[in-house]
Structure formats: C-alpha cells, structure tokens
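Chains as they are written, first to last, in our numbering: chain A, 174 to 479; chain B, 47 to 324; chain C, 2 to 353. Virtual Cβ for every residue (Gly too), placed ideally from N, Cα, C. Working notes, beginning with the structure itself.
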Amino acid sequence: MKQVPSKSVSRFSLEKLKNKSEWLIYLVPFAVGVIIFTLYPIINVFLTSFKENFNYMTKEFSGWGLGNYTYVLQDPYFHQALKNTFFYVFIVIPISTCLAVLIATLLNQKIKFSGLFQTAYFLPMVTSTIAVGLAWRFMFNYKSGVFNYFLGLFGIDAINWLQVTTGNFPALCIYGIWAILPFTIILLLSGLQNIDPMYYTAAKVDGAGPIRIFFKITVPLLMPTIFLVMIVNTISCFKVFNELFPLFSGPGVANNLYTAVYYIYYQFRIQIPSRYGYATAAAVILFGIIFVFTMLQRIIEKKLKN
Amino acid sequence: MKNIFKHLTIGRVLTYFFLIIGALIMVFPFYWMITGAFKTSLEIQMFPPQWIPSSFSFDNFKEALEKAPFATYFINSVIAMVSSVTLCTITTILGAFAFSKLNFPGRHIIFGLLLGLMMVPFEMIVITNYRTIIDWGIYNTLLALIIPFTSSIFYMYILKGFFDSIPDSLYQAARVDGCSNWKYLWRVMVPIAKPSLVTIILLNAIASWNSFLWPMLAVVDRELRTLPFGLYAFVSEGGAKTELMMAASTIIVIPMIILFIFARKQIVNGVARGGIKG
Amino acid sequence: MKVTIQNLTKCFGATTAVNDFSAVIESGELIALLGPSGCGKSTMLNMISGILPVTKGKIFFDDEDVTDLSPEKRGVGLVFQNYALYPHMTVLENICFPLEIKKVKKEERIARAKEMAKLVHVEALLDRKPSQLSGGQQQRVAIARALVKHPRILLLDEPLSNLDARLRIEMREEIRRIQQETGITTIFVTHDQEEAMSISDHIVLMRDGFLQQIARPQELYDEPANCFVADFLGTPPINKTYGVVKNGTIVLEGDCTVALEAAKNLDEGREVILSMRAEAIIVNDSVPLAEGTIDEVYVMGKEVLAYVQLGSKRVRAYVEADEEYGKGEKVKIGLKKRGVFVFDKETGERLV
C-alpha cells in the first residue's frame with residue numbers, strides 16, 4: 174500500500190510560488206536586524222576575546238591569543254564577581270522557588286478576587302527595576318526605613334542595609350527575590366493548571382488532607398515545571414546587574430557587590446580607555462555558564478513535552 | 047459531614063490569610079513609593095515611619111519636573127517605545143510568516159540557528175552594538191534607541207508558533223480564490239493571530255519602557271535620556287531628595303501599572319507561554 | 002463543464018500517489034471519488050483544483066487544457082474537509098471574500114453572497130462567526146463560499162466526514178439538491194461507499210493510485226470489474242471464497258464442489274475467487290449447486306442472516322424469516338445469477 178505523506182499537500186502548494194524569491198520580501202526585514210544586531214555581535218565578541226591588546230578606537234591589535242582570558246581569570250575582581258553571582262543564585266533561587274510554589278498553590282484554589290490577587294502578585298514584573306529599586310532603597314534606609322522599623326518591633330537592632338558590606342548583599346537578595354517572584358509564580362501557576370483535577374478528586378476520595386495532597390500530589394506532579402523555572406531563573410540571576418544601580422548607585426560599598434555583568438560593564442564602559450578585550454573574554458565566560466544551563470533547560474523542556 | 051465542612055472553612059480562612067499577607071508585602075513597595083511622593087521632606091525622614099502622608103499635594107511632582115526634564119524623558123521613552131515596537135512588530139509578522147508558511151532553502155536549519163541565538167544574553171551583544179552605533183554615527187541620538195530593536199528572534203518565535211497552528215487548508219482555500227500571499231497574511235493570518243500579536247506588543251512595550259542598560263550606553267545628552275536612565279541620572283548626579291525620587295519613580299511606574307490592570311490576562315498568558323525576554 | 006483527465010500521474014518522491022489515471026466526467030454530473038484512505042483520491046482532487054502540480058498527464062475543462070493553470074485561473078470552487086472558514090470573519094464576510102479578491106464591487110458582492118446564502122439555507126446566519134455555527138451550517142457556508150464566484154466545477158474533499166451520522170444523511174441530500182439546482186459539475190471525495198452510492202451519478206473507484214472502475218452506482222455493485230471493486234462495495238461485505246476449476250465446477254478450499262453453470266467455460270485447473278453477495282445465496286434451493294452446513298443464525302428484525310459453512314469458509318446468507326434452521330443442519334445451497342462473480346485469483350480480473 175502506497176501511503177501518501179499527509180503533509181504533502183502544503184509542501185507542494187508552496188513549491189508553486191508564483192515568484193520563486195517571494196520569500197525574500199518577508200524574510201529580509203527581519204533578517205537584517207538579526208544579522209547586524211545579534212549574529213554579528215556574537216561572532217565579533219568571540220573573535221575579539223582572542224585578540225591581544227585590542228584598541229577599541231583604532232581596532233588594532235597585537236596578535237591572537239588567550240591573554241584576555243588569563244587576565245580575566247586571574248583578576249580578583251572577576252573572582253569576586255563570580256563568587257557574588259553564584260551566592261546570589263544560591264540564595265535567591267531556592268527561597269523564591271519555595272515561596273512561589275506556595276503562593277501559586279494558594280492562587281490556584283477557587284478564590285474570590287483572584288484578579289485582584291494576581292495584579293498584586295504580578296505587578297513587580299512590569300515595573301521598572303530602577304524606579305521600584307529606588308523605593309526599596311528608601312525602605313532599606315538605615316535611620317528612617319520601614320525595614321528597620323519592623324525589625325525594631327521584634328526587638329532586632331537596626332541593620333545598615335545599604336552602607337555596610339554585611340548589609341548590602343542581603344538587601345540585594347531580598348529585592349531580587351521580590352522581583353523574581355511574579356515570573357516564577359506565573360510559570361508555576363500554568364504548570365498547576367495543567368495537572369488533571371482527577372488526581373485531586375481521587376486523593377480526596379481516599380481521605381487525604383490538604384497538606385498531604387500538597388506534598389504527595391501537587392509537588393511531585395509540578396516537579397518538572399519547578400525544575401524548568403529554577404533553571405530559567407538561574408540564567409536570569411546570573412545576569413543580575415540593573416538592581417545594583419537604584420539600590421547602591423553601583424557595585425555596593427567598597428565595590429563588594431561586583432557581579433559578572435557588572436564586571437563586563439566595568440571593563441568596557443567605566444574603564445577609560447575601554448578594556449574591550451577583557452570585557453569580551455568575561456562575556457564569553459558568562460555565556461559559557463549560561464549555555465550549560467540553557468542546555469539543561471532544553472532537555473527538561475523536551476521531557477516536559479513528552 | 048459537619049467536621050469536614052468546618053475543616054474546609056479553616057482551610058479557606060488560612061488560604062485568604064496567607065494570600066492577603068503576601069499580597070500586602072508584594073504591593074508595599076509601590077504603596078511606599080506613591081505615598082512617599084506626597085510626603086514632605088520632614089515626613090519622609092520620620093521614625094517610626096509615617097504611614098499616610100498628611101496632605102496629597104503635587105508639590106513634589108512639580109519640583110521633580112523642575113529639577114530634571116522628566117517631561118522630555120517621558121516623550122523620549124514614548125518615541126523609543128512606539129517606534130521600536132512598531133518596527134519590530136512588522137518584521138516579526140513578516141519573518142514569522144516566512145518561517146511558518148513559505149518554503150525556502152535551508153528554512154529549518156536557519157530556524158534552528160535562530161533558536162540557538164536566542165539564548166545569547168543581551169549583555170553580551172551590547173558590547174558590539176555599542177561600537178556599531180558609534181561607527182554608524184548614530185551614537186547619542188534617539189535612533190540609537192530604536193534601530194537595534196527592529197527585529198526580535200524571541201517574538202518571531204512566539205508568533206511563528208501561533209501561525210503554525212493555523213490550518214493549511216485556510217491557505218489553500220484562499221489560494222484557490224486567487225488570494226496572494228501578501229493579502230492572505232494581512233487579511234487572514236494577522237486578524238486570526240490578533241491575541242498573540244497583542245501579547246507580543248505588550249511584552250515588547252514593557253521591555254522597551256523599562257530598559258535601562260542600553261539607553262545608559264547609547265545616549266549621553268540630557269535631552270535624549272529615557273525615563274529609567276533619566277531617573278537614575280537624577281539620583282546619582284544631584285543627590286536628589288527622597289520625596290522627589292519617589293515622585294519621579296511614580297511617574298515611570300504608573301503607566302505600566304495602568305497597562306497591567308487593563309491587559310493583565312494577555313500579559314500573564316504571554317509570559318506563561320513563552321517565558322519573558324531577558 | 003466536462004472534465005477530461007488524461008494519463009494523470011502524481012509522484013511524491015519515490016511514492017506514486019496517482020498512476021496513469023484517465024477518465025471523462027460528463028458535464029452537470031455529481032461524481033464520487035471513492036476509495037480507501039491513501040488511495041490517492043484527495044491527491045486527484047487537489048490536482049484537479051490546481052493546488053498540486055501534476056507529474057505527468059493532462060487535465061481538460063471542456064476543451065481547455067488547464068494542466069498548468071494556477072488554481073484561481075481554473076475557476077474551481079473547493080470545499081475542504083474541515084471547511085476552512087476564516088474564523089475571524091462573519092458568514093457574510095466569508096462568502097464575500099473570494100469576490101473581494103476578484104475586486105468585485107461591494108454592493109454586488111453582498112448581493113451575490115446573499116443569493117448564495119439563500120441557496121444553501123444560511124440566510125439567517127449571515128452575521129455569525131463560524132465558531133457559532135454547527136458542523137452542518139459550517140459546511141453550508143463553505144459550499145456557498147465555493148459557489149459564489151460561479152466556478153466552472155465544484156470540488157468537495159470528504160465533505161461529510163466531520164459530521165455526525167444524522168447530519169451526514171441530511172447534508173448529503175443537501176449537496177445533491179444544491180448540485181441539481183445549480184447544475185454544476187461536482188466532484189466529491191469520500192471513503193464511505195454508502196455516501197457515494199446514495200447521491201452520485203457516477204462513482205470513480207480508486208485503489209493505490211490506480212483507477213479501478215467508473216460506473217453508475219448500481220452498475221458498480223452489480224457488475225464489478227474486479228475483485229477489489231466487489232470487495233469494497235456492499236454491506237455485509239461480499240463472501241469471498243477461493244477455489245480451483247475442476248470438471249466444469251469450482252472446488253472450494255475444504256473440498257466443497259460448486260456446480261456453477263458459468264464455470265463450464267473456464268480453463269481446467271485455473272485458480273479462482275468465487276465471490277457471492279449475501280443476498281445471492283439461496284439456502285435450501287430447489288436447484289442446489291453445493292452443499293453446506295448451518296453454523297449460526299442471527300435474527301435481525303426484518304431479515305435473518307445465516308452463517309453457512311461452505312468448505313473451509315463461513316459465508317453469510319440471507320434466509321427467509323419464517324424458516325427455522327438448527328445448528329449443524331445440512332442445507333442445499335443455490336446461487337442467483339445476480340451477485341455471484343468469479344475472479345482470477347492472481348490478477349483479480351473478472352472472469353464471470
């Protein structure tokens with residue numbers, strides 16, 4: 174039996190385009206932007222990272238080599254940037270994920286005013302990091318901030334969140350968790366909505382209480398989504414940068430809050446003349462880290478689809 | 047029976063209790079920002095804090111607008127947002143149509159390559175783009191805020207997914223009637239894809255409005271700044287007073303809050319479907 | 002519009018979907034393209050519409066060679082299996098759309114669309130969106146949209162397969178009515194023999210890309226050209242037995258001799274297929290041709306279906322409702338002339 178391939182109809186109708194190059198009209202406007210502002214920059218960054226003594230203005234360089242990488246990898250500031258970034262990820266991701274699972278589960282109940290609740294929980298996602306960050310700076314104020322006021326209510330001494338190295342890392346994390354929650358909750362919520370309510374009914378019939386249902390049904394079934402969200406968030410946490418400006422007007426007190434992206438920014442923009450080579454080498458290293466996590470994400474996404 | 051019912055009610059009460067507490071924490075920074083914008087310099091430094099400002103005068107807004115050209119920043123933000131979103135939406139529609147419905151050599155390979163490019167962090171691309179706009183002589187112009195954002199792989203990817211779901215029989219039906227590709231795209235595909243397009247436009251507009259790193263790199267002149275960069279410069283250059291900072295922040299945040307209240311469903315659906323850019 | 006198809010062939014890479022197909026479809030007829038799924042009937046339809054280019058052969062509309070014309074230049078109306086209505090347009094806008102492309106003036110297009118809507122009985126639904134219509138209504142709109150530009154022929158791809166059983170009967174009569182009112186040459190694709198039998202003037206039966214037979218429905222049933230045609234048509238399916246010609250009779254597997262009159266003209270020792278429709282088998286006939294054993298009897302309302310062991314095969318036969326048979330009872334089997342066919346075992350060619 175000769176089975177006709179089912180997709181054949183569309184394939185062949187497209188073949189017969191009146192004008193064989195008609196597709197160019199559709200593709201070119203899109204492709205031009207992508208090639209100039211995405212593809213070329215990537216290639217350029219890779220190439221530049223291997224150019225020794227690259228001069229940003231004249232584009233001259235002394236030769237090819239790994240000089241930029243050896244410099245960056247030995248730079249204590251870069252070590253600090255990586256350390257901070259990793260610490261930031263390790264603190265923000267677990268806490269935000271746990272909170273988000275809890276909130277998403279609550280939001281997934283049949284509740285009144287769910288629109289109002291969603292608005293409240295998701296608002297940080299659409300508002301400017303800079304503007305809201307300034308509000309947080311105000312809240313973290315040592316003398317008149319609400320944070321220290323609330324701590325005082327519990328008898329805890331005021332913390333100097335912004336001007337002391339021991340204070341500003343926790344401040345950055347607290348803000349980071351708050352800012353990442355909406356996105357996390359949304360993804361988890363859509364994961365929850367994909368769980369067949371049949372399981373809940375079955376568990377209730379078996380006499381399971383809400384807490385047991387949460388740990389024995391909801392969390393295991395949500396696990397793939399939780400993993401996915403953690404990886405996506407890890408990638409975005411690796412790029413922590415904007416938050417530094419409204420809170421600390423830079424990388425914290427005594428430069429203790431260098432992050433990977435800030436390091437790139439510093440080498441490339443703050444340094445005069447620009448140390449373009451170091452910036453590109455650091456960018457390639459950051460890309461390498463993100464690449465690993467993206468691959469993980471793709472694998473999990475594939476598993477989710479099956 | 048009664049016992050179960052009672053248990054349920056306690057569960058409900060706890061659910062609402064936690065949700066309300068959480069919601070209050072989440073919106074508190076906004077409350078603090080907006081009320082702070084109405085406080086006097088004295089009130090804002092009070093400890094314990096003053097929860098409600100004593101008067102709702104717009105003096106702080108007036109003063110902030112006098113100290114820095116926020117009106118200009120606002121207009122710049124609007125220009126950059128409207129132009130880049132408009133151009134990007136057009137190239138996205140065309141590109142998504144090409145990848146979804148047209149047949150050209152290497153289509154699948156190119157699309158796979160684009161998916162690979164999508165994971166490259168913006169922060170890495172920025173280094174070269176900065177140099178490009180200098181070479182093109184558009185550094186420190188509004189064009190520099192628009193040109194690099196005229197096409198987006200991410201939004202094209204989302205829209206292509208939607209286009210793929212439109213059955214090919216519609217295309218054939220139109221072709222049998224003599225409908226050109228161009229007309230089919232604008233008369234059939236685009237109207238059907240409207241919900242997806244709205245989502246893309248909203249996500250893009252939000253991202254553009256809030257963008258900070260690129261405007262900070264691409265322009266220096268005061269009258270070319272966009273809101274987030276202008277606000278930051280206002281704070282870092284002038285050592286501005288807190289109540290003025292809050293007033294200026296409120297100006298930036300309010301349009302997006304209003305947008306979110308009206309288009310919450312589209313935005314949330316878009317984020318849930320495609321994740322967010324960045 | 003007469004449609005002439007000459008030696009049409011369509012290949013998809015290595016597979017041949019339609020193979021050297023020739024047929025003539027007379028003007029004003031309703032034609033069913035019938036065959037099992039994957040037989041190439043939809044490919045045929047798409048080549049006639051112009052959506053698919055042909056690999057070899059020619060298609061004529063009357064005397065005009067349309068083989069290389071693009072779909073819109075052929076003047077065909079096409080109705081898709083899933084109707085392919087534009088979801089964002091109202092019924093009226095959907096019907097108007099083909100005219101809009103042809104740049105017909107707005108008043109005229111609305112007038113013509115309304116006329117079509119009346120023809121297919123959807124004039125009350127003009128402002129609705131497709132999602133607000135039932136399957137049958139969507140089908141009607143799709144037909145109206147296909148007819149509004151006054152096509153030379155109307156093509157329908159599995160027009161009824163998305164409808165439930167009751168609507169299907171209603172819609173097929175509607176298709177017949179609309180076709181007769183407009184007098185348009187119509188070709189529809191179906192895999193349902195009953196659908197094809199009930200409304201079409203001629204049936205084109207296909208298998209594996211090859212034309213099997215073109216005939217009027219009753220002719221196809223009574224005079225199948227080959228074993229496949231006989232197998233494909235009829236409910237219950239035709240009884241198919243295998244045997245060898247011996248001494249002017251057919252000896253079936255399991256050593257059952259059938260003294261078929263017509264077998265006398267067949268070559269001795271030829272391997273054949275003896276196919277008998279259930280209604281052609283007479284149990285306890287006065288002129289018995291063979292002997293069988295009653296296996297099972299099912300009473301099904303107005304008729305009684307008996308399973309009779311004939312050699313090693315079990316065959317179905319209709320028996321009189323007032324006669325009673327016990328299991329294992331020996332019966333004499335007669336055969337009517339109509340509904341009994343002998344085919345060559347190898348080629349499936351009709352011999353008798």
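Going by the CB atoms, is the gap between residue 428(A) and residue 174(B) shorter than 7 Å? no
Given the structure, does residue 134(B) come close to the ligand NAP, in the sense that its CB is under 6 Å from one of the ligand's heavy atoms? With respect to the ligand NAP, the structure offers nothing, as it holds no ligand at all.
Does chain C have any CB closer than 7 Å to the CB of residue 253(B)? no
By Cβ distance, which residues of its chain are closer than 8 Å to residue 300(B), with the 5 residues on each side in sequence left out? none
Just mark residue 196(C) as buried or exposed, buried being the case when its beta carbon has 16 or more other beta carbons within 10 Å. buried
Counting along the chain, where does the alpha helix (DSSP H) carrying residue 219(A) start and finish? That run of the alpha helix (DSSP H) goes 213-221.
Where does residue 278(C) sit, in a helix, a strand or coil, going by DSSP? coil
So with Cβ pairs under 7 Å, would you call residue 49(B) a contact of chain C? Annotation note: pLDDT 48 at residue 49(B) (below 50); position unreliable, coordinate value reported separately. It does not; no Cβ of chain C falls within 7 Å.
Anyone know if the C-beta pair for residue 209(B) and residue 142(B) falls short of 7 Å? yes
Please list, in chain order, the chain C residues whose beta carbon lies closer than 7 Å to that of residue 219(B). Identification of chain C residues near residue 219(B) by a Cβ-Cβ cut-off of 7 Å yields 79, 81 and 85, ordered along the chain.
Host beta strand (DSSP E) of residue 123(C) (start-end): It is not in any beta strand (DSSP E) - residue 123(C) carries neither H nor E in the DSSP assignment.
Which two residues bound the contiguous beta strand (DSSP E) that contains residue 59(C)? 57-62
Between the stretch 65-73 of chain C and the stretch 220-227 of chain B, are three or more C-beta pairs nearer than 8 Å? The stretch 65-73 of chain C vs the stretch 220-227 of chain B: in contact.
Just to confirm, are residue 372(A) and residue 94(B) a CB contact at a threshold of 7 Å? Not closer than 7 Å, so no.
Which chain B residues sit within Cβ distance under 7 Å of residue 11(C)? Here the premise fails: no neighbours, minimum Cβ distance about 16 Å.
Strictly by DSSP, which residues pair up with residue 237(A)? 224(A)
Beta-carbon contacts of residue 285(C) that lie in its chain and below 6 Å, excluding the five residues immediately before and after: 332 and 333
Smallest Cα separation from residue 269(A): which of 446(A), 355(A) and 376(A)? 355(A)
Using a C-beta to C-beta distance shorter than 9 Å, which residues of chain D count as neighbours of residue 152(B)? The structure shown has no chain D; the protein chains it does contain are A, B and C.
Between the stretch 220-239 of chain A and the stretch 361-378 of chain A, can you find at least three pairs of beta-carbon atoms closer than 8 Å? no
Any beta carbon from chain B within less than 7 Å of residue 403(A)'s own beta carbon? no
When the Cα atoms are used, what is the spatial distance from residue 68(B) to residue 291(A)? Answer to the nearest angstrom: the Cα atoms are 11 Å apart.
Which ranges does the beta strand (DSSP E) cover as unbroken runs of at least 3 residues, wholly within the stretch 96-151 of chain C, from first to last along the chain? Counting only runs that start and end inside the stretch 96-151 of chain C, there is no beta strand (DSSP E) element of at least 3 residues.
Roughly how many angstroms lie between the CA atoms of residue 88(C) and residue 239(B), to the nearest whole one? 11 Å
Contact list for residue 167(B) against chain A, beta-carbon separation under 9 Å: 408, 411, 412, 434, 456, 459, 460 and 463
Would residue 323(B) count as contacting chain C if we go by Cβ distances under 7 Å? Because residue 323(B) sits at a pLDDT of 42, beneath the cut-off of 50, its placement in the model cannot be relied upon, and the following sentence gives the value as read from the coordinates. At least 7 Å separates the CB of residue 323(B) from every CB of chain C.
In whole angstroms, what separates the C-alpha of residue 188(A) from that of residue 348(C)? Note that residue 188(A) has pLDDT 45, beneath the 50 cutoff, so the model's placement of it is unreliable and the number below is only indicative. Distance between the alpha carbons of residue 188(A) and residue 348(C): 38 Å.
Is the shortest distance between the beta-carbon of residue 238(C) and the beta-carbons of chain B less than 7 Å? no
Any chain A beta carbon closer than 7 Å to residue 78(B): Judged by the 7 Å Cβ criterion, residue 78(B) is in contact with chain A.
To the nearest angstrom, how far is the alpha carbon of residue 172(C) from that of residue 379(A)? Straight-line measurement puts the Cα of residue 379(A) at about 49 Å from the Cα of residue 172(C).
With H, G and I counted as helix, E and B as strand and the rest as coil, what does DSSP make of residue 277(A)? helix
If contact is defined by three or more beta carbon pairs under 8 Å, each pair taking one atom from either stretch, is the stretch 266-281 of chain B in contact with the stretch 18-29 of chain C? No contact exists between the stretch 18-29 of chain C and the stretch 266-281 of chain B.
Below 9 Å between beta carbons is the criterion; list the residues of the stretch 294-310 of chain B that meet it against any residue of chain A, in chain order. 294, 295, 296, 297, 298, 299, 302, 303, 305, 306, 307 and 310
Please give the ranges of any alpha helix (DSSP H) in the stretch 279-313 of chain C, keeping only runs that are unbroken, at least 4 residues long and fully inside the region. none
Have a look at 423(A), 433(A), 221(A) and 400(A) and flag the residue whose alpha-carbon is nearest the alpha-carbon of residue 473(A). Taking the Cα of residue 473(A) as reference, the smallest distance to any Cα among 423(A), 433(A), 221(A) and 400(A) is reached at 400(A).
Please classify residue 316(B) as buried or exposed, where buried requires at least 16 neighbouring CB atoms within 10 angstroms. buried
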